[in-house]
Amino acid sequence: MPAKFHLLTPPRRIARKTLAAATLAALLAAGGPAATETAPAVVAAAETESEIQRFCSSIADAARDRRYALQKMELETLQKEVDKRIALLEEKRAEYESWMKRREDFLAQAEGNVVDIYATMKPDAAAERLAMLDVELAAGILMKLDSRRAGVILNEMESKAAAALTGIMASAARREDPT
């Protein structure tokens, strides 16, 4: 035995096998009738300990395999849930894209109709209506009009509103980002 064990050493610091051997050695070293009477009990405890160890070591692989199988089943279940959610999200994405396509088609058609309406209006009436609209929307409409028609409408507008619209149209026509 490489180290002496004190009887007051807590058992959690000493391996069970080592503790049983140390106890047996201490009892045999003490001698006397009490030592010979308790020695078989310590030997029986050591044998029971080795049986427990053999049992645990023999089922360790099976227990590990079962634990892995349970983890694999849980991962497969989670994968199925993730796949269901992905399919649901893909379905929602397709629905959203379809809705966006319909919306864009409608806006393009409506935008074309609005531009056509302003193109057929009298220049003074178109100037008055465009002055009441949002500046960016009015500039967008004017940019889609024929340049001659847009010039006549801008000529009929108040000079501040026409300047603001012209500034927006010029900024939008730049090929480079001014910032």
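Residue numbers -35 to -1, 1 to 144, in mature numbering (1 follows the signal peptide of the UniProt record, and there is no 0), belong to the letters of the sequence shown in order. Even for Gly, the Cβ is constructed at its ideal location relative to N, Cα and C.
Check, Outcome
"Among ILE82, MET38 and ALA96, nearest to ASP111 - alpha-carbon criterion", "ILE82"
"Three-state secondary structure assigned by DSSP to ASP26", "helix"
"8 angstroms Cβ cutoff met for VAL100 and LEU119", "no"
"Span separating the alpha-carbon of GLU39 from that of GLU46", "11 angstroms"
"Per-residue DSSP class, three states only, for GLU123", "coil"
"ILE106, buried or exposed, once every other Cβ within 10 Å from all chains shown has been counted against 16", "buried"
"Cβ-Cβ separation, ALA84 to ARG113 (assumed contact under 8 angstroms), whole Å", "Their Cβ separation, rounded to whole angstroms, is 11 angstroms, which puts ARG113 and ALA84 out of contact at 8 angstroms."
"Extent of the continuous alpha helix (DSSP H) to which MET97 belongs", "88 to 97"
"N-terminal and C-terminal residue of the alpha helix (DSSP H) that residue 170 is part of", "The shown model of the chain, from -35 to 144, leaves out residue 170, and the question about it has no answer."
"Cβ contact check for the segment 121 to 136 and the segment 88 to 95: 3 or more pairs under 8 angstroms", "yes"
"Alpha carbon of residue 145 to alpha carbon of LEU53, nearest angstrom", "As displayed, the chain neither begins before -35 nor continues past 144, which places residue 145 out of reach and without an answer."
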